[in-house]
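Chains A and B are the protein sequences, given in the same order.
Each residue of the first sequence is one higher than the one before, counting from 263 in the working numbering.
Each residue of the second sequence is one higher than the one before, counting from 1467 in the working numbering.
Virtual Cβ for every residue (Gly too), placed ideally from N, Cα, C.
Since the model is a prediction, treat every value here as computed from it, not as a measurement.
Following: one structure in structure tokens, then a few remarks.
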Amino acid sequence: AQSVTQLDSHVSVSEGTPVLLRCNYSSSYSPSLFWYVQHPNKGLQLLLKYTSAATLVKGINGFEAEFKKSETSFHLTKPSAHMSDAAEYFCVVSDGYGGATNKLIFGTGTLLAVQP
Amino acid sequence: DAGVTQSPTHLIKTRGQQVTLRCSPKSGHDTVCWYQQALGQGPQFIFQYYEEEERQRGNFPDRFSGHQFPNYSSELNVNALLLGDSALYLCASSRLAEMNTGELFFGEGSRLTVL
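And the structure:
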């Protein structure tokens, strides 16, 4: 069965410092992995996705993630945090082989706080 | 271009009642799915509708049912409400032809409180 584990429920950083949100996955085949962001009172938005192409994936708003098969990890990073990055971030794995499914399995989320 | 819209945004029900939540997909999308997000948790897949039929279902009881209309809009119905059904219900849409991208477009959700 597919699953993801987000290692931190809360992360707090200062504006201008790097962001690291950690995610480990479990999959019986090569997974399709995603990061979604949820701002307060807003819908979930796709940040980036990995679907077995390049292992370093670039997303919107300066975020990127690296797929590491040997570590079964898909950590999300950003070089410099902005106040507008404060939100909840979800690591997600697709439950379908090749990603051909709408059944996404979400982690429990990491709440990112950005201090001025 | 309107995104995914859901109604109502908030509602309060009592145990045993029934509720209907509504969703209009993003323009051009033909597939709708529903997720339940309990407080402090990630969303959980309820089911997916395409061509007015339920195509996939998550681990939810039969009290949860849905419908998709010819214009691709959808309803989620929950019968015999329990306190544990209190959650944010999210609708998401996509195009079946692009389903292998894994990208879903989410609405802002309907927050259901069961008293």
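Please state whether DSSP places residue i in a helix, a strand or coil.
| i | result |
| --- | --- |
| LEU1556(B) | strand |
| SER274(A) | strand |
| GLU1564(B) | helix |
| SER346(A) | helix |
| ASP357(A) | coil |
| GLY1550(B) | helix |
| ASN1582(B) | Outside the displayed span of chain B (1467 to 1581) sits residue 1582(B), for which this structure offers no information. |
| VAL266(A) | strand |
| GLU1519(B) | strand |
| PHE1535(B) | coil |
| ASN1525(B) | coil |
| TYR312(A) | strand |
| LYS365(A) | coil |
In angstroms with no decimal places, state the Cα-to-Cα distance between residue i and residue j.
| i | j | result |
| --- | --- | --- |
| SER288(A) | SER265(A) | 5 Å |
| PRO1491(B) | PHE329(A) | 31 Å |
| ARG1577(B) | THR1475(B) | 6 Å |
| ALA263(A) | ASP357(A) | 8 Å |
| ASN323(A) | ASP347(A) | 9 Å |
| SER276(A) | ASP1551(B) | 37 Å |
| THR1579(B) | VAL1485(B) | 11 Å |
| ILE1512(B) | LEU1581(B) | 22 Å |
| VAL1498(B) | VAL1470(B) | 10 Å |
| TYR1516(B) | SER1560(B) | 10 Å |
| SER335(A) | ASN286(A) | 4 Å |
Bridge partners of residue i, per DSSP?
| i | result |
| --- | --- |
| ALA327(A) | VAL319(A), LEU338(A) |
| VAL376(A) | VAL275(A) |
| TYR298(A) | LEU308(A), PHE352(A) |
Quick one: does the C-beta of residue i sit closer than 6 Å to a heavy atom of the ligand ZN?
| i | result |
| --- | --- |
| ARG1521(B) | Absence of the ligand ZN is noted for the structure shown, with no ligands found whatsoever. |
Stretch pair the stretch 271 to 284 of chain A + the stretch 341 to 360 of chain A: three plus CB contacts closer than 8 Å: yes
The stretch 312 to 322 of chain A touching the stretch 1498 to 1510 of chain B, judged by at least three CB pairs closer than 8 Å: no
Chain B contacts from the stretch 342 to 356 of chain A (Cβ-Cβ distance under 7 Å): PHE352, SER356
At least 3 beta-carbon pairs within less than 8 Å: the stretch 1475 to 1488 of chain B vs the stretch 367 to 377 of chain A: no
Chain A contacts made by the stretch 1509 to 1520 of chain B, where a contact means CB separation under 8 Å: PRO1509, GLN1510, PHE1511, GLN1514
Interfacial residues, the stretch 295 to 306 of chain A to chain B, with Cβ spacing under 7 Å: PHE296, ASN303, LYS304, GLY305, LEU306
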